[in-house]
Amino acid sequence: MRKLIVLSLVIALVAVAPVMAAGLDLSGAIETEISVNKNGENLKVVPGSELNLNIGLSAAEDKVRAGVEFGLEREEKDIMPTDVALGDIKLKQAFIEADGPFWHGGPEATTRFGTLDIGYSPYASLKDRSGISISGVDLDVVGLSGFYALEGPQGHVLGLRSDLYVVEDVNLGASLISDDEILRLQLDAAAAPIEGLMVAGNIAIDHVDGFDFDMDNLWTLQADYQIAEGTNVVAGYKHISEDFETRYVAAKTKDEDAEHDWVHLARAKDSGLYVGIATEQQGISMNAAYDQMFAEASIGAGTEYEGFKFNVETVLDVPAVSAIATKTTTFGVGREFDVMDGLAIDAKYEGKWTGGEVRTLVHTIGASTTLGLVPAIDGLELSAEVSASELNLDSLGYKVAAEFDAPNGVNLGIEHARHVGTTFNAGMKVEF
């Protein structure tokens, strides 16, 4: 069934491409690289490559859209793959969607067939599954969305979303996701009751066969208040049960700074309050925070004076009030110096103290620059740093590196570190 739907989508795209040539959007990327590391007598060579192709079509003033993305199914271990078969090419996503009502005079909606991208909330999401979705149905005071996903590891998946617009400056929403194992009800709300104050909350309630709804799954409550210009206070509470199923929570972000990332992180407790304050006074930025769930507190400050950038931050382990200990303290200073016209050096110093049984203080001095003096190597980036924790040779570490984007499109890089050895990188990427 799934193969039939995918094949139908591809045939439809090929069929309408000549008619919709004006709305054809073709893009993709071919990337290849090689990394060579030599550390003593050991030599490690790691080649790799990646291919992607995206085809987008649109018509009827962009009210009808289609998209297809292809890529390699396997992870390439060659500088450039030469033995790729049709079976190695994976259809990563394919969809056709249209904007418009289902009957004359009806409400507008966006209907999609193919790969779904459901983001009802960070706690009610589904990506990269084939199915059908209808979203953005506006019924004045109510907004509706829904989807059906084809059978997967947990069977068929059904979802609904409703948003209420009955009170100004108040957002109320409810999402329902059901598969063969659980029925999840997710509620979220946000409001600005007074100027400068934002209150938001989320709750996810699961129903499992043979059991009633469990009100003890996941919930959050947060208030953010601007008490003065440049000063914000945030406070909230988070709770999650040990057996909470995270499969409909959005994936963890790379920087781990999104609203839902706390669900995917290792925790000291399953519930706890958190508070924080951030302010900027007379050019000095200061912040402090405490998170009971992670048993951690932090305090930091930063400023710039006469071109120098200063910063300091301390992270505390707070398992109990009587057992506070410093995890890390980081402090540093940096400044960019103009040596001559076309040559500037960005110098920095950083110290990091780590607590625990083995306490260490590591000092790191570094500098980097981008050369613009020699036309032949314009844009060459050079960097170097030296670190040490004790006054002896064993604790000394150093690293020097150079990166250059050659005029022919080849990206070159070389780095030498004391304990890692010398690493050379070369690669190219073509995007269209």
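Heads up, the sequence shown is in the working numbering, so the first residue is 791 and it goes up one at a time. Beta carbons: idealized from backbone N, C-alpha and C, even for Gly.
Check your understanding: Going by other Cβ atoms of all chains shown within 10 Å of its Cβ, with 16 needed for buried, is K853 buried or exposed?
Key -> Here the question's residue 853 lines up with position 63 in the sequence shown. A residue is called buried when at least 16 other Cβ atoms come within 10 angstroms of its Cβ; K853 does not meet this threshold and is exposed.
Review point. Would you call F1098 buried or exposed, if buried means 16 or more other Cβ atoms sit within 10 Å of its Cβ?
Key: For this step, residue 1098 is matched to residue 308 along the sequence shown. Burial call: exposed.
**Study point:** DSSP state of D1223 mapped onto helix, strand, coil
**Key:** Nothing can be reported for residue 1223: it is not among the residues displayed for the chain, which extend from 791 to 1222.
Review point. What is the DSSP secondary structure of G1112, counted as helix, strand or coil?
Key: Your numbering for residue 1112 matches position 322 in the sequence shown. Strictly speaking, residue 1112 in this sequence is Ser, with Gly absent from that position. In this structure, S1112 counts as helix in the three-state DSSP scheme.
Practice item. At 3 residues or longer, and completely inside the stretch 933 to 986: list those beta strand (DSSP E) runs for me, N to C. Key: DSSP runs (the beta strand (DSSP E)) wholly in the stretch 933 to 986: 945 to 954, 960 to 968, 972 to 981.
Review point. Is the stretch 921 to 939 touching the stretch 1057 to 1076, taking contact as three or more C-beta pairs under 8 angstroms?
Key: Using a C-beta cut-off of 8 angstroms, the stretch 921 to 939 makes no contact with the stretch 1057 to 1076, since fewer than three inter-stretch Cβ pairs fall below that distance.
Point to revise | Enclosing beta strand (DSSP E) for A1025 [first to last residue] | key: Start at 1 with the first residue of the sequence shown, and residue 1025 comes out as number 235. Looking at the DSSP string, the run of the beta strand (DSSP E) that includes A1025 is 1021 to 1030.
Review point. Around the C-beta of K1044, are 16 or more other C-beta atoms found within 10 angstroms, so that it is buried, or is it exposed?
Key: Position 254 of the sequence shown, counting from 1, holds the residue named residue 1044. Exposed: under 16 other Cβ atoms inside 10 Å.
Review point. Around the C-beta of A812, are 16 or more other C-beta atoms found within 10 angstroms, so that it is buried, or is it exposed?
Key: Walking along the sequence shown from the start, residue 812 turns up at place 22. In this prediction, A812 has a pLDDT of 49, which is less than 50 and means its spatial position is unreliable; what the coordinates show is noted afterwards. A812 should be labelled exposed.
Check your understanding: Under a three-way DSSP split, which group does D930 fall into?
Key -> Working through the sequence shown from its first residue, we reach residue 930 at position 140. D930 carries a coil assignment under DSSP once its states are collapsed to helix, strand and coil.
Practice item. Please classify S1185: does DSSP put it in a helix, a strand, or coil? Key: Start at 1 with the first residue of the sequence shown, and residue 1185 comes out as number 395. Three-state result, S1185: helix.
Exercise for review: For F885, write down the residues that DSSP places opposite it in a beta bridge.
Suggested key: One-based indexing of the sequence shown puts residue 885 at position 95. Paired residues: G857, G904.
Exercise for review: Taking only the alpha-carbon atoms, compute the straight-line gap between G1211 and E1032 and give it to the nearest angstrom.
Suggested key: Within the sequence shown, residue 1211 is the residue found at index 421, counting from 1. Within the sequence shown, residue 1032 is the residue found at index 242, counting from 1. C-alpha separation (whole angstroms): 43 angstroms.
Review point. Do you know offhand how far G945's Cα is from S923's?
Key: Position 155 of the sequence shown holds residue 945. Position 133 of the sequence shown holds residue 923. A straight line joining the alpha-carbon of G945 with that of S923 spans about 17 angstroms.
Review point. Is the beta carbon of L906 sitting closer than 9 angstroms to the one on F885?
Key: Along the sequence shown, one-based indexing puts residue 906 at 116. Along the sequence shown, one-based indexing puts residue 885 at 95. When the beta-carbon positions are compared, L906 and F885 come within less than 9 angstroms of each other.
Check your understanding: How is V1123 classed by DSSP in three states: helix, strand or coil?
Key -> The residue labelled residue 1123 in the question sits at position 333 within the sequence shown. It is a strand residue.
Practice item. Identify which residue in E1096, T1119, I845, N1182 has its Cα closest to the Cα of V1102. Key: Sequence index remark: in the sequence shown, residue 1102 carries index 312 (1-based). Nearest to V1102 by alpha-carbon distance, out of E1096, T1119, I845, N1182, is T1119.
Review point. Among the residues of its own chain, which have a CB less than 6 angstroms from the CB of V1024, if the five just before and after it don't count?
Key: As a position in the sequence shown, residue 1024 is number 234, starting the count at 1. Exclusion of the five residues before and after V1024 leaves D1014, G1066 as the residues of its chain whose Cβ lies within less than 6 angstroms of its Cβ.
Check your understanding: What are the residues that DSSP puts in a beta bridge with A914?
Key -> Along the sequence shown, read from residue 1 onward, the residue named residue 914 stands at position 124. According to DSSP, A914 bridges with S911.
Point to revise | Inter-stretch contact (C-beta, 8 angstroms, three-pair minimum) for the stretch 837 to 852 and the stretch 817 to 825 | key: Yes: at least three Cβ pairs fall under 8 angstroms.
Point to revise | DSSP-derived helix/strand/coil call for A807 | key: Taking the first residue of the sequence shown as position 1, residue 807 is located at position 17. Model confidence at A807 stands at a pLDDT of 45, short of 50, so the residue's coordinates are unreliable; what they give is reported in the following sentence. Residue state for A807 is assigned as coil, using DSSP reduced to three classes.
Check your understanding: In whole angstroms, what separates the C-alpha of L1055 from that of S952?
Key -> As a position in the sequence shown, residue 1055 is number 265, starting the count at 1. As a position in the sequence shown, residue 952 is number 162, starting the count at 1. Each residue's alpha carbon lies about 29 angstroms from the other.
Check your understanding: Quick one: what's got a C-beta closer than 8 angstroms to R1149's C-beta in the same chain, skipping five residues either side?
Key -> Translated into positions along the sequence shown, residue 1149 becomes position 359. Answer for R1149: W1143, listed in chain order.
Point to revise | Closest Cα partner of F892 within the set G1145, R919, D928 | key: Taking the sequence shown and counting its residues from 1, one reaches residue 892 at position 102. Comparing alpha carbon positions, the residue from G1145, R919, D928 closest to F892 is D928.
Review point. In whole angstroms, what separates the C-alpha of I1225 from that of V1220?
Key: For residue 1225 there is no data in the structure shown, the boundaries of the chain being 791 and 1222.
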